[in-house]
Structures are given as C-alpha cells and as structure tokens.
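Numbering (my numbering), first residue to last: 134 to 588. See below for the structure under consideration.
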C-alpha cells in the first residue's frame with residue numbers, strides 16, 4: 134500500500150494538515166505548484182519512538198495523553214497538530230481536550246534538525262548527548278492557545294473607519310474573496326484591503342460594475358488595482374455558484390479571507406432559476422454552497438466572515454422547515470424574509486465554526502450598522518427615501534465596513550471562532566441564533582436543498 138504526502142514549496146512555509154479518508158495528506162501552505170510524493174505505508178505508519186531527552190514530558194496520566202495510534206507533531210511555524218494513524222487523518226485540536234497548542238519557533242538550546250540520509254526523514258539531534266529522536270523536542274514545551282473572549286478589549290467603536298482598523302498593516306501576500314463587493318459596504322471592504330496590499334477576488338454578478346469598481350481602486354493606487362480580479366458569481370443560481378468555485382480553485386491555491394458580504398433587501402416576491410425564494414438563496418443558500426465548495430482552499434490561517442445584521446433579532450422563527458426557508462407567495466413578506474435571512478447568516482456561521490473547529494479556521498458573523506446608505510435599499514422608493522432621511526445619523530460606508538475588516542484581520546482574534554461582532558467588538562447574538570438545534574437544522578436543510586437542486 135501507499136500513503137501519499139503532498140509537499141508544496143513557497144516563501145511562506147507552514148505545514149497544513151488536510152483530513153483525507155484514504156490517506157494522510159500533509160500539504161505545505163503555498164500559492165505555487167504541488168509536488169506529490171509517495172512512500173511505502175509501513176514506513177510512514179510506524180510511530181516514531183521518543184528517545185530519552187533532557188526535556189520534561191507530561192505525566193502518563195495527564196489529560197494531555199494521546200489516545201492509542203495518535204501522534205503529536207508541529208509545523209515549522211509552531212502550530213501543533215495531531216495525526217490519527219488509525220484512520221489516516223489529521224486535525225489541529227487535541228483529540229481529548231479539544232484545545233489547540235503552539236510551540237516556540239526555535240528548537241531548545243543544543244538541539245539541531247537534520248535529514249536522515251537512510252530514510253529521508255527529519256531527525257532531531259541533541260548535540261550535547263548525541264541522542265537522536267524523530268519527535269520534535271519543541272513539543273515538550275507546547276502551550277495551549279491563550280486567546281479567550283474575555284481577554285478582548287475594545288480598540289475601535291462605531292466611528293472607526295475600515296482604513297483606521299488597518300492602519301499600519303501590510304497585507305501583501307494575502308488573498309481575499311468577497312461576494313457582492315462592486316458597490317456599498319462590500320466595495321469599501323475590498324478597497325480598504327486592496328490599499329493595504331491584499332489581493333482581492335471580486336465575486337460578483339455584474340462584470341461591468343465590478344471592473345468599474347476595480348478601476349476606481351486602480352486610480353487611487355495602481356498597485357492595489359492590479360491585485361484585483363473579477364470572477365462571475367450570480368448567487369441566484371447554484372450552477373453559477375459552482376462555476377465560480379471551480380474557477381477560483383483553478384486560479385488560486387489558498388484563501389486567507391472568505392467574506393460573505395452579498396445580500397438583498399426588501400425584494401418583491403420572486404424565485405430563482407432553482408425554484409427557491411430569492412432572498413433566502415442569495416443571502417444564505419448560495420453562500421453555504423460556495424463555502425463548502427471552497428473548503429480545500431481554507432486552512433488554519435483562513436478566516437470566514439459572514440455579514441449579517443441586528444435584524445436577525447427580529448426573526449420570529451423557533452423551528453425550521455423548508456417552507457420557512459423558502460416560503461410560498463402567500464406566506465412572504467419582504468421584511469420577514471430579510472430578518473430570517475440575517476438569522477440564517479448567524480446560525481450558519483455558528484454551525485460552520487463548530488464543524489470546522491478542528492481545522493483551526495476562524496468563522497465570525499457581524500452587524501455592519503443600521504440603515505447604512507447603500508444600494509441595498511434600491512428595490513422600493515419608500516426605503517430609498519427613508520434611508521436618505523436617516524443618512525446624517527448613520528454610519529458612512531467606510532465606518533460600516535470597519536467591523537468586517539476587523540473580523541477578517543485583527544490579530545487578537547487568532548484562535549477564536551464562532552463569535553458575533555458589532556462595532557468591532559464581540560456581542561451576544563439573539564437567543565434563537567445560539568440554539569444548536571436551529572443551527573444543525575439549518576445546515577441539514579441547506580444540504581438537502583443543494584442536493585435536490587443538483588439532481
């Protein structure tokens with residue numbers, strides 16, 4: 134038998150475990166080509182035995198003791214991950230404690246790393262005692278990730294702009310895919326990231342408007358505009374969503390940020406080409422599909438940001454059925470559909486964070502601001518007038534984009550997931566949105582709808 138290992142080379146080295154059912158795959162984070170190597174499985178499956186080292190090890194009865202057939206390893210940049218040799222899988226969280234760990238980037242004093250000529254394996258040498266070990270000695274000093282919600286302090290507020298959040302940041306080498314970003318809050322999100330060196334994928338329906346938006350960024354800073362690309366995405370079509378994901382995967386190997394920004398507001402009743410109510414599909418279901426399809430481009434350095442709204446608190450749903458998600462005409466009211474869609478955003482983010490926690494991916498949802506003047510109110514003259522009247526008392530588009538930018542880039546959020554934010558600070562969402570039953574139900578119904586449409 135063979136076990137396959139993917140090795141990719143880039144300027145940012147970091148081994149990223151990827152769960153596979155048939156073999157253990159450990160690719161290195163890259164934006165270049167992948168080289169696949171194969172080794173005889175008996176050699177790979179052997180658990181390396183730790184020789185006696187002059188470093189303290191946990192007691193055998195510690196809660197940190199691994200289950201049988203598990204092994205602890207560390208990436209070059211200090212992330213600890215766990216290998217299950219029984220089912221050939223890897224994960225970032227400890228199989229018993231569910232916690233993540235880090236180690237120092239440097240080897241303990243007196244230790245060096247070499248490649249063993251006879252096997253090609255990495256081996257560690259204690260220069261003082263000349264003892265060798267296949268086990269990384271840094272693991273003896275691994276510490277749990279210390280990020281705690283209670284330790285967060287509020288650095289920004291409702292008056293902070295997206296560019297202020299990014300002050301002094303260099304995002305060169307980062308890649309962000311943003312849906313619905315050719316206008317409004319989405320555009321300010323894309324513009325702010327691009328001006329700080331981030332590569333932006335404009336995943337939008339209107340190509341002309343998107344290219345005009347990119348041109349505006351180019352005029353402001355030519356190098357920023359050169360890093361912006363358009364990919365067609367019509368969220369009212371699951372087929373378009375699949376095509377978008379396929380194109381992204383063919384052109385990019387990694388996403389640092391997946392920002393689900395697009396949405397609709399106050400639409401008259403209509404259905405998509407897939408036969409589903411438009412507000413539901415555009416605001417939630419297509420984003421659900423896009424995220425799952427792009428899963429392989431996401432790793433422990435990635436963040437998923439779901440733009441929701443405080444309107445999620447006004448949803449009256451207490452249980453979910455297909456007719457609740459995609460109601461018939463006689464049960465449709467635009468504001469109810471919008472409130473429900475925003476609830477679906479928070480529920481989806483919470484369930485996604487739980488399901489992907491072992492992969493180390495951070496998932497956040499947020500409220501950008503109340504009645505921010507943007508194209509979202511374009512569907513009815515009354516809302517256009519109302520939004521215009523309250524404009525002096527609401528956030529600017531730059532201010533509205535600040536919480537999205539904060540969730541996507543703030544260092545203090547490393548190791549955290551499943552949180553809801555308002556004004557760049559963690560906030561308690563509605564009680565309904567915290568219901569695990571509702572979260573799981575939405576996920577299962579979304580899977581069923583996607584599968585049914587695909588047939």
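Backbone N, C-alpha and C fix where the C-beta goes; we use that ideal spot for every residue, glycine too.
Query: Three or more C-beta pairs below 8 Å linking the segment 327-341 and the segment 361-381; Result: yes
Query: For residue 171, the three-state DSSP class (helix, strand or coil); Result: Note that residue 171 scores a pLDDT of 34, beneath 50, so its modelled location is shaky and nothing firm can be said.
Query: The ligand MG heavy atom lying under 8 Å from the CB of residue 377; Result: Annotation note on the ligand MG: not contained in the displayed structure, which lists no ligands.
Query: Helix, strand or coil at residue 435 [DSSP, three-state]; Result: coil
Query: Residue 575 (DSSP reduced to helix, strand or coil); Result: helix
Query: For residue 568, three-class secondary structure by DSSP; Result: coil
Query: Test item: CB-CB of residue 216 and residue 198 under 9 Å; Result: no
Query: According to DSSP, residues forming a beta bridge with residue 257; Result: 246 and 266
Query: For residue 234, the residue or residues it bridges with in DSSP; Result: 277
Query: Sequence-distant residues of the same chain with beta carbon closer than 7 Å to residue 502, five excluded per side; Result: 527, 528, 532 and 533
Query: Per-residue burial, residue 410 [other beta carbons within 10 Å of its own, 16 or more giving buried]; Result: buried
Query: Residues bridged to residue 500 [DSSP beta-bridge criterion]; Result: 555
Query: Stretch-stretch touch, CB-based, cutoff 8 Å, three pairs: the segment 278-297 with the segment 549-556; Result: yes
Query: Residue 207 (DSSP reduced to helix, strand or coil); Result: strand
Query: Cβ neighbour criterion (16 or more within 10 Å) applied to residue 281; Result: exposed
Query: Element boundaries [beta strand (DSSP E), containing residue 224]; Result: 222-224
Query: Minimum C-alpha distance to residue 248 - residue among 265, 239 and 242; Result: 265
Query: Whole-number beta carbon distance between residue 566 and residue 483, since they are thought to touch under 8 Å; Result: 7 Å
Query: Cβ contact check for the segment 540-550 and the segment 487-496: 3 or more pairs under 8 Å; Result: yes
Query: Best match in 581, 569 and 487 for proximity to residue 226 [C-alpha to C-alpha]; Result: 487
Query: Three CB pairs or more closer than 8 Å across the segment 387-397 and the segment 428-444; Result: yes
Query: N- and C-terminal bounds of the alpha helix (DSSP H) containing residue 378; Result: 371-384
Query: Contacting residues, own chain, Cβ-Cβ under 6 Å from residue 552 (five flanking each side not counted); Result: 497 and 559
Query: Own chain partners of residue 260 with C-beta closer than 8 Å, once the 5 adjacent residues on each side are dropped; Result: 243, 244 and 245
Query: Simplified DSSP assignment, three categories, for residue 333; Result: strand
Query: At least 3 beta-carbon pairs within less than 8 Å: the segment 470-483 vs the segment 438-447; Result: yes
Query: Own chain partners of residue 296 with C-beta closer than 6 Å, once the 5 adjacent residues on each side are dropped; Result: 325
Query: Exposure label - residue 489; buried when at least 16 CB within 10 Å; Result: buried
Query: Reduced DSSP secondary structure (H/G/I, E/B, other) of residue 354; Result: coil
Query: Residue range of the unbroken alpha helix (DSSP H) whose run includes residue 472; Result: 467-488
Query: Sheet register partners of residue 390 (DSSP bridge); Result: 309 and 436
Query: Expected contact under 8 Å - CB spacing of residue 342 and residue 269 to nearest Å; Result: About 51 Å separates the two Cβ atoms, so there is no contact after all.
Query: Assigned secondary structure, residue 365 (DSSP; H/G/I helix, E/B strand, else coil); Result: strand
Query: Alpha-carbon spacing of residue 469 relative to residue 571, whole angstroms; Result: 17 Å
Query: Residue interval of the beta strand (DSSP E) (run including residue 213); Result: 213-217
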